[in-house]
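Heads up, the thing below is written out as structure tokens.
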Amino acid sequence: MTVTCDDIYSSVQFRINSGRTKGYEADVGKRTTHHVMYPESAVDLDNTTHLVLVPFKIQDLEWLIKAFTTGFSGVMVVNPAFMRYVHDTWLEKKGRYPSTGFMALVLALHICDEVSVFGYGADKDGNWSHYWEKLKKLKLKTGVHPGSHEYDIIKQLAENQTVGFYTGW
């Protein structure tokens with residue numbers, strides 16, 4: 001999933017989890033300004049990409065301490081209360097917690113004038129997967145995330161012309 005936002009000053013591309021561009025440029029573009037992921041996935045980020053982290057477990061906080069004490073400065077830390085806000089207010093407490101992609105979308109809605117969402121949701125066969133991964137299990141569901149509910153909210157936002165929504169399927 002990719003979330004883009006435009007305002008009068010710039011264009012921002014949020015990539016989610018391990019979303020890559022290399023090899024997929026024709027479909028997803030070449031640029032990434034912000035990568036929303038958890039520290040265990042944050043490898044090989046270039047120096048033009050900011051890591052956006054919503055820490056919610058002890059390992060995230062330990063990683064932050066290590067990153068800041070070794071001089072790493074390319075991280076944007078979002079208050080963990082933001083995850084609760086998204087879960088309680090946007091998702092009405094459905095699922096255990098929101099997906100990283102949905103949190104990125106809500107963050108973009110708060111900081112951008114225009115927001116577009118690319119590649120979110122199940123494919124035509126009902127499988128939830130990432131474009132860069134081979135699907136190992138058919139009928140993969142969204143685990144602890146309320147994927148169908150998130151998808152319905154994004155569709156409603158698109159119908160209300162709050163976001164542009166491009167599923168890609």
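Residues 1 to 169, numbered by UniProt numbering, are exactly what the sequence shown covers, in order. Glycine residues also receive a C-beta, built at the ideal position from the N, C-alpha and C atoms. Note that the structure is a prediction, hence the values are computed from the model and not measured.
Worksheet entry | Backbone secondary structure at Y97 - three-state DSSP | Three-state DSSP puts Y97 in coil, outside helix and strand.
Discussion item. Quick check: the region 150-162 against the region 95-114, are at least 3 beta-carbon pairs closer than 8 Å?
Written reply: Result yes; three or more Cβ-Cβ pairs closer than 8 Å.
Worksheet item: Between F14 and H35, what straight-line distance do the alpha-carbon atoms span, to the nearest angstrom?
Response: F14 and H35: Cα-Cα distance of roughly 5 Å.
Worksheet item: Given a threshold of 16 other Cβ atoms within 10 Å of its Cβ, counted over all protein chains shown, does I16 qualify as buried or as exposed?
Response: I16 should be labelled buried.
Practice prompt. Give the DSSP-derived three-state secondary structure of L51 in the structure shown.
Written response: Of the three classes helix, strand and coil, the one that applies to L51 here is strand, per DSSP.
Worksheet item: Going by beta carbon distance, what residues of the same chain come within less than 7 Å of W90, once the five residues before and after it are set aside?
Response: Excluding sequence neighbours, W90 sits near V106, I153.
Fill in: Buried or exposed (CB count within 10 angstroms, at least 16 for buried), S99
By the neighbour-count rule (16 or more Cβ atoms within 10 Å), S99 is buried.
Practice prompt. Provide the residue span of the beta strand (DSSP E) that contains V86, from first to last.
Written response: Segment: none, V86 is in no beta strand (DSSP E) and carries neither H nor E.
Worksheet item: What three-state label does DSSP hand I8 in the structure shown?
Response: Note that I8 has pLDDT 49, beneath the 50 cutoff, so the model's placement of it is unreliable and the number below is only indicative. Of the three classes helix, strand and coil, the one that applies to I8 here is coil, per DSSP.
Practice prompt. Taking G164 as part of the beta strand (DSSP E), name the residues at either end of that continuous run.
Written response: Unbroken beta strand (DSSP E) run through G164: 164-166.
Practice prompt. Identify, in the order they occur along the chain, each residue of the same chain with its Cβ nearer than 8 Å to the Cβ of H145, setting aside the five sequence neighbours on each side.
Written response: Around H145: G95, R96, Y97, P98, S99, F102.
Worksheet item: When burial is assigned at 16 or more other CB atoms within 10 Å of the CB, is A81 buried or exposed?
Response: By the 10 Å Cβ count, A81 comes out exposed.
Discussion item. Run through the DSSP bridge pairs and tell me what M76 is partnered with.
Written reply: DSSP output for M76 lists V52 as bridge partner(s).
Discussion item. I want to check one thing, is the minimum distance from the CB of Q59 to the heavy atoms of the ligand PLP below 7 Å?
Written reply: You won't find the ligand PLP in this model; it holds no ligand whatsoever.
Worksheet item: Would you report the Cα separation of V163 and V117, rounded to the nearest angstrom?
Response: So the alpha carbons of these two residues sit roughly 7 Å apart.
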